[in-house]
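A.B. asks: The structure under discussion is supplied below as structure tokens; questions concerning it will follow.
There are 2 protein chains.
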Amino acid sequence: MTVAMLMKNTIHAATKVFDKRLLPSWNIRYLPLKLLNPVPSDIEIAKKQKPKDIDVLAEEIGLLPEEVNLYGKKKAKVSLDVLNRLKNVDDSKYVVVTGITPTPLGEGKSTTTIGLAQALGSQLNKNVFACVRQPSQGPTFGIKGGAAGGGYSQVIPMDEFNLHLTGDIHAITAANNLLAAAVDARIFHESTQKDEALYSRLVPQKKGIREFSTIQIRRLEKLGINERDPDKLSPEDRTRFSRLNIDPDLITWQRVMDTNDRFLRKITIGQSPTEKGRERVAQFDISVASEVMAVLALTTSISDMRERLGHMVVATSTTGEPVTADDIGVTGALTVLMRDAIQPNLMQTLEGTPVFVHAGPFANIAHGNSSILADMIALKLAGKFGPDGFVVTEAGFGADIGMEKFFNIKCRRSGLRPHAVVLVATIRAIKMHGGGPTVVAGKPLAKEYSEENLELLEAGFSNPRKQIENAGYFGVPVVFALNRFANDTDSEVETALRLARESGAIDAVCASHWSHGGAGAVDLARSVIKAAESKSNFNFLYPLELGIYEKIETIAKKIYGADGIELLPAAQAKVELYTKQGFGNLPICMAKTHLSLSHQPELKGSPRGFVLPIRDIRVSAGAGFLYPLVGTMSTMPGLPTRPCFYDIDIDPHTLDVTGLF
Amino acid sequence: MTVAMLMKNTIHAATKVFDKRLLPSWNIRYLPLKLLNPVPSDIEIAKKQKPKDIDVLAEEIGLLPEEVNLYGKKKAKVSLDVLNRLKNVDDSKYVVVTGITPTPLGEGKSTTTIGLAQALGSQLNKNVFACVRQPSQGPTFGIKGGAAGGGYSQVIPMDEFNLHLTGDIHAITAANNLLAAAVDARIFHESTQKDEALYSRLVPQKKGIREFSTIQIRRLEKLGINERDPDKLSPEDRTRFSRLNIDPDLITWQRVMDTNDRFLRKITIGQSPTEKGRERVAQFDISVASEVMAVLALTTSISDMRERLGHMVVATSTTGEPVTADDIGVTGALTVLMRDAIQPNLMQTLEGTPVFVHAGPFANIAHGNSSILADMIALKLAGKFGPDGFVVTEAGFGADIGMEKFFNIKCRRSGLRPHAVVLVATIRAIKMHGGGPTVVAGKPLAKEYSEENLELLEAGFSNPRKQIENAGYFGVPVVFALNRFANDTDSEVETALRLARESGAIDAVCASHWSHGGAGAVDLARSVIKAAESKSNFNFLYPLELGIYEKIETIAKKIYGADGIELLPAAQAKVELYTKQGFGNLPICMAKTHLSLSHQPELKGSPRGFVLPIRDIRVSAGAGFLYPLVGTMSTMPGLPTRPCFYDIDIDPHTLDVTGLF
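As you go down the protein sequences, you meet chains A and B in turn.
According to numbering that gives the first Met the number 0, the first sequence is numbered sequentially starting from 0.
According to numbering that gives the first Met the number 0, the second sequence is numbered sequentially starting from 0.
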């Protein structure tokens, strides 16, 4: 050990001690719950609880005033500077909440995430952060009505959580659509101008000086052009520089909107005479499906975000080259539009513990997890007083998708290592896997779900068993959390818990946080604490160096239980293309239904003997993954005949919102 | 006088005294300017000045902490509760800044608004508020680069001013597009369902109870149906209730986006197989052209906003009835989406005086003025210490459009009465009106504009003269403000000021706030103070009861100097339709070029001998005006070959934005 290293270590250790001495453990005021039975509607519960002012909470958890940007009284953005200030502090424990394959009604993953955090905080007095996704505003006005947890385990104020928040999704929409507009405008201008005119407009003389802008120099570098004086570029290089030669039929970048607008699923654009006949077929996706959202969720700093935004591929040129945001010249502008969005949003649970709400990538063509940055900051804030703190983060969808992507994509990127997995299940969903009648949203449940039926339960446990096994592949201990409903009998509950333990869960507990808040999840919290202290041996499911085919095959066989995969011709071609283009080392983000371990939603339990068909493969080069398409994914929801906006209104005097649920 | 009245008056007087006693005059800290010559770029100046934290400014101007919602450190939303708290306080003086017919480069109206406010504040120590519009983000990334004033008269931080602000335009986009999606979805669902199925879906049984929602009761009232039990409605009434029978060819509600996306000017939507062939031609407008923006700018309270949003007409039914947002059932949801946007945004000038940035309706098909609510709150805050305070608000475009709409639409709605008009002019623009060569953005100016030329100046004064006359129609004194450029000679300046006085301006002064900040506009400020103390005799140009034709004719003849108007067939039909539909009493919002007093941009000076052609007339029933179309208006700008985003970037360490100008 050199003297320099020795000194560095000493300083490191001293800084740690210093931080601990300076900042006492969280001095947090919990908000007491007044539990009612029957449990009122979510918005009624949320409205009855008066949240703390968010600057008060920020101070309680050790944030400095200059690190906190208030957005109204109950929300704040938190500066990434925290990471630098606390860089010598050890992270807290890191727990991921996932679920078994759900019914279309959902089994309470978000609610459990919040309930568990409430229990660890208000009941067991741990420093604890919950990290959740921001919901898309589209479904809020369509059929969903809100997504802040439920019952006595919610994020509040729930209206602010569900509406605009601090504008992050709006920023994503703006960035995404600026890029889209720039792509079409560029094609138009290239097609209406000769080489020299185009070059002159792209590199104009300004006040007597002609020079390349920074982003244009990046393009020169990419093209291997060393000349930096615009007047000295050769005619060939001027053409190479100016012409992106985007093939209009190979544009992959779509416009987005955070509204459920089914009529924009397929459209023809450019039909005004001003576009001189350059019309083409295009589409709008819901904003959370934008790659910009995935970039936000997976970035680790503002420089990293700029790099990733610049690498996003928008189209292929007529000569087969990927065309990026960098080539369009818009990277800096996109980063500027996302400057505030990169800061996680601080809110609170019903019991006054801190929550980060940050990023909500589409859980299908993207990875469906909240942001790395929120987790990183939370781990420092909850961790700085010793090994006792916890961060509870949620992975979207069932464990075969959400958890798998959490580990293989999010953790791989962040370098963070989880200490425990919480697998949420309901008796209802397990019975469905055992052959219970189909569950359809909006229709009454069959009697099998309200009466004791141990046979269905035992048969359906194949699904939880497989999901527990799946967590095992990553070497992380699993706590099975049964989200109990009123109709569940004691025998059913005991059976489920016993089967879970037999399947390899380190513990299995029943929780009632929906009806009792944190107090209903104390057993779960204790199990999680124990699990997080047990030995874990984290590893990825596959190394990045494996071929694209092999990576997909590994996921399909090990996680889904498939016999193998079949690449359809489009997918086969993409394997070759992406390998050639240098995208072969990216992780895989499967776009598969969450309603079955297989690709067929109607196959429940733990299906066997199937081959997973891969229809196509796409690349999110900025976010950093390949996403194989298994079946057809709708990226733009619609509005039903009677959208829930019929019930949404505001009291003009109190400004209270009604009709969210 | 009754005893009750007497008591009320006594309390009123007592409250006034109380307010004055409790709240001393603004104790504001002005920010000193370090003037450089030559004047650096706008963003360089803005970056060099450290703004006060906005909560500090809020306190300085007498806002209470509970009335202030911070959005980061330098922006805040101000609660409408201020109006109630200060309802017994007299308003300050009210000054509107407008301009002569400009060149395409603009003549410094915004800059003068800010400069005048800086002068009244930092130089003359008056309580003064500037009220300006929020710029659209589209042009910021296209050709404009920013719109926060210029030189040493700016709103800061200018990057936050130009990007997102507090999300108001994003909220407008969300509200506008939810309504648009709901219109098409409704047509789709009506066309695919039989009467009874449709009714059952619109009025479903929930937990055993079937009832109409509040918004549905509004529809019943509109239809004159008295029955409130859904099960007892007659089959005919069920059909009338359920079927809006929107004619897809008569939809007037368009989608919007705050991006310059020329390829969305004309599109075909609904081409996905899921829409079963119901495709139709549609378009996207820039968000600021949304009627929701005009509603925001013209509303006076949250209840009023809900009422207006509900009255917005989206289409005509197959039987010729207007279909409104109320009929679609979405009024409450739109109001909820706009709940925060209704609060004005507090920022500051380079010299630390307060600015409200709020609403920015398209200055063409809408009225182009900032919000009534911002002016109302500012008038109370600046006015509460006596008659000395000032609110300086800006009217978009030249005086023939912006000022005329300010008076006839905005002041008529608000009931506020301005004390003085500031008419901004430049030697450059006056010379152009006298026959100077065409001025084109991005091209070098002809020598006529850099050399003394009194002949052009005298000839061109016909335009300012007419605009001064126009202000006279409203009975408000006019101060002529010459925004001086470096090349303007003393003789030119003196000639312009002399001609302005001869034309009826109460005073005419030269100002150099662009290069000197508030100190450069002290003379202007003194003139404005004097003008505001002089007698004014405000009246509208026309009474609302006048016929639609006559109202348009009055504006055309008196303000534009036309011989008369000619209604083309479409416009003629609309006069009849709107009169029949009860929209005849709305004020008129002319959609005319701002580059000429006439409808032909190339006609400079004060054209005579022309007849104004009215191509069509449209209604903004929610915002509350009819807008006659004079010529074709583009409601979606495009991106040039080299948009200014090429220069926009961020320093990843300081988070400073570069490239805005």
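All C-beta atoms, glycine included, are put in the ideal place defined by N, C-alpha and C.
Could you work out which residues of chain A lie near B/A173, taking near to mean beta carbons separated by less than 8 Å?
C.D. replies: The answer, in chain order, is Q136, H163, H169, D257, T258.
A.B. asks: Give every residue of the same chain whose Cβ lies closer than 6 Å to the Cβ of A/D655, excluding the five residues on either side of it in the sequence, and list them in chain order.
C.D. replies: Nothing listed; no residue qualifies.
A.B. asks: Just how far apart, CA to CA, sit A/Q668 and A/H188?
C.D. replies: Coverage of chain A is limited to positions 0 through 660, which leaves residue 668 of chain A absent and any answer about it impossible.
A.B. asks: Applying a beta-carbon distance threshold of less than 8 Å, which residues of chain B neighbour A/P39?
C.D. replies: Result: empty, since nearest Cβ-Cβ is about 13 Å, beyond 8 Å.
A.B. asks: Which ranges does the alpha helix (DSSP H) cover as unbroken runs of at least 4 residues, wholly within the region 484–530 of chain B, from first to last along the chain?
C.D. replies: Counting whole runs of 4 or more residues, the region 484–530 of chain B contains the alpha helix (DSSP H) stretches 489–501, 512–515.
A.B. asks: Are A/V354 and A/V154 touching if we call contact CB-CB under 7 Å?
C.D. replies: Against a cut-off of 7 Å, the Cβ pair of A/V154 and A/V354 comes out as a contact.
A.B. asks: Establish whether the CB of B/I649 and some CB of chain A are separated by less than 7 Å.
C.D. replies: True, the Cβ-Cβ gap to chain A drops below 7 Å.
A.B. asks: Could you please tell me which residues of the region 411–426 of chain B, in chain order, have their CB closer than 7 Å to any CB of chain A?
C.D. replies: Answer in chain order: no residues at all.
A.B. asks: Going by C-alpha distance, which of B/Y93, B/V38, B/M402 is nearest B/A531?
C.D. replies: Among B/Y93, B/V38, B/M402, the Cα nearest to that of B/A531 belongs to B/Y93.
A.B. asks: Measure the Cβ-Cβ separation of B/N407 and B/L545 and say whether it is below 7 Å.
C.D. replies: It is not a contact, given that the beta carbons lie outside the stated cut-off.
A.B. asks: Since A/S289 contacts A/V255 with CB under 8 Å, what's their CB separation in whole angstroms?
C.D. replies: With a Cβ gap of about 5 Å, A/S289 and A/V255 count as contacting.
A.B. asks: Taking the straight line between their C-alpha atoms, what separation do you get for A/L177 and B/R261?
C.D. replies: Cα to Cα, the separation comes out at about 11 Å.
A.B. asks: Please confirm whether A/G382 and A/D89 have their CB atoms less than 7 Å apart.
C.D. replies: Cβ distance < 7 Å, so A/G382 and A/D89 count as in contact.
A.B. asks: Is A/V81 closer than 7 Å to A/I376 when the C-beta atoms are compared?
C.D. replies: Yes. Within cutoff.
A.B. asks: Specify whether the region 472–483 of chain B and the region 497–517 of chain B touch according to this definition: at least 3 beta carbon pairs, one from each stretch, less than 8 Å apart.
C.D. replies: As far as the Cβ criterion goes, the region 472–483 of chain B touches the region 497–517 of chain B, which means the pair count is three or higher.
A.B. asks: The beta strand (DSSP E) that contains B/T634, what's its start and end?
C.D. replies: Unbroken run through B/T634: none, as it is neither H nor E.
A.B. asks: Any contact of the region 54–62 of chain B with the region 150–164 of chain B, i.e. 3+ C-beta pairs under 8 Å?
C.D. replies: No, because fewer than three Cβ pairs between the region 54–62 of chain B and the region 150–164 of chain B fall closer than 8 Å, the two stretches do not touch.
A.B. asks: Give a yes or no on contact between the region 276–287 of chain A and the region 359–371 of chain A, applying the rule of three or more CB pairs nearer than 8 Å.
C.D. replies: Yes, the region 276–287 of chain A is in contact with the region 359–371 of chain A.
A.B. asks: If we ignore side chains and look at the alpha-carbon of each, how far apart do A/L21 and A/K86 end up?
C.D. replies: Note that A/L21 scores 40 on pLDDT, short of 50, meaning its location in the model is unreliable and no value can be drawn from it.
A.B. asks: For A/F537, count the other beta carbons within 10 Å of its own beta carbon; 16 or more makes it buried, fewer makes it exposed. Which is it?
C.D. replies: By the neighbour-count rule (16 or more Cβ atoms within 10 Å), A/F537 is not buried but exposed.
A.B. asks: What's the call for B/H652, buried or exposed, on a 16-neighbour Cβ count within 10 Å?
C.D. replies: The residue is exposed, with fewer than 16 neighbouring Cβ atoms inside 10 Å.
A.B. asks: Note down, in chain order, all residues in the region 266–290 of chain B with a beta-carbon under 7 Å from any beta-carbon belonging to chain A.
C.D. replies: Answer set for the region 266–290 of chain B: I266, T267, I268, G269, Q270, S271, T273, E274.
A.B. asks: Taking the straight line between their C-alpha atoms, what separation do you get for A/G517 and B/A332?
C.D. replies: Distance between the alpha carbons of A/G517 and B/A332: 32 Å.
A.B. asks: Candidates B/G474, B/T213, B/Q342: which alpha carbon is nearest B/A358's?
C.D. replies: The residue with the shortest Cα to Cα distance from B/A358 is B/Q342.
A.B. asks: Please go through the same chain and pick out, in chain order, the residues whose beta-carbon is closer than 7 Å to the beta-carbon of A/G598, but skip the five residues on each side of it.
C.D. replies: Per the sequence presented here, residue 598 of chain A reads as His, with Gly not at that position. These residues qualify, in order along the chain: K591, T592, L611, P612, V629, G630.
A.B. asks: Please name the residue in B/L297, B/F609, B/I44, B/D326 whose C-alpha comes closest to that of B/P586.
C.D. replies: Considering only alpha carbons, the answer is B/L297.
A.B. asks: Closer than 7 Å by beta-carbon distance: list the chain A residues that pair up with B/N368, in chain order.
C.D. replies: Near B/N368 there are no residues of chain A at all, since even the closest Cβ is about 24 Å away, more than 7 Å.
A.B. asks: If we count the other Cβ atoms within 10 Å of its Cβ and call it buried at 16 or more, is A/N368 buried or exposed?
C.D. replies: Classification of A/N368: buried, given that the 10 Å Cβ count is 16 or more.
A.B. asks: Let me know the secondary structure DSSP gives A/R641 once reduced to three states.
C.D. replies: Residue state, collapsed to three classes: coil.
A.B. asks: Is A/N126 buried or exposed, if buried means 16 or more other CB atoms sit within 10 Å of its CB?
C.D. replies: Classification of A/N126: buried, given that the 10 Å Cβ count is 16 or more.
A.B. asks: Taking just the CA atoms, how far does B/T299 sit from B/M292?
C.D. replies: Cα to Cα, B/M292 sits roughly 13 Å from B/T299.
A.B. asks: Between B/I301 and chain A, is there a C-beta pair that is closer than 7 Å?
C.D. replies: With 7 Å as the cut-off, B/I301 counts as an interface residue toward chain A.
A.B. asks: Does DSSP classify B/F211 as helix, strand or coil?
C.D. replies: If DSSP states are grouped into helix, strand and coil, B/F211 belongs with coil.
A.B. asks: Any C-beta of chain B sitting closer than 7 Å to the C-beta of A/T334?
C.D. replies: So yes, A/T334 belongs to the interface.
A.B. asks: Using the rule of at least 16 other Cβ atoms within 10 Å of the residue's Cβ for burial, across every protein chain shown, is A/E43 buried or exposed?
C.D. replies: So A/E43 counts as exposed.
A.B. asks: Alpha carbon to alpha carbon, how far is B/E393 from A/R412? Give it in angstroms, no decimals.
C.D. replies: Using only the alpha carbons, I get a separation of about 50 Å.
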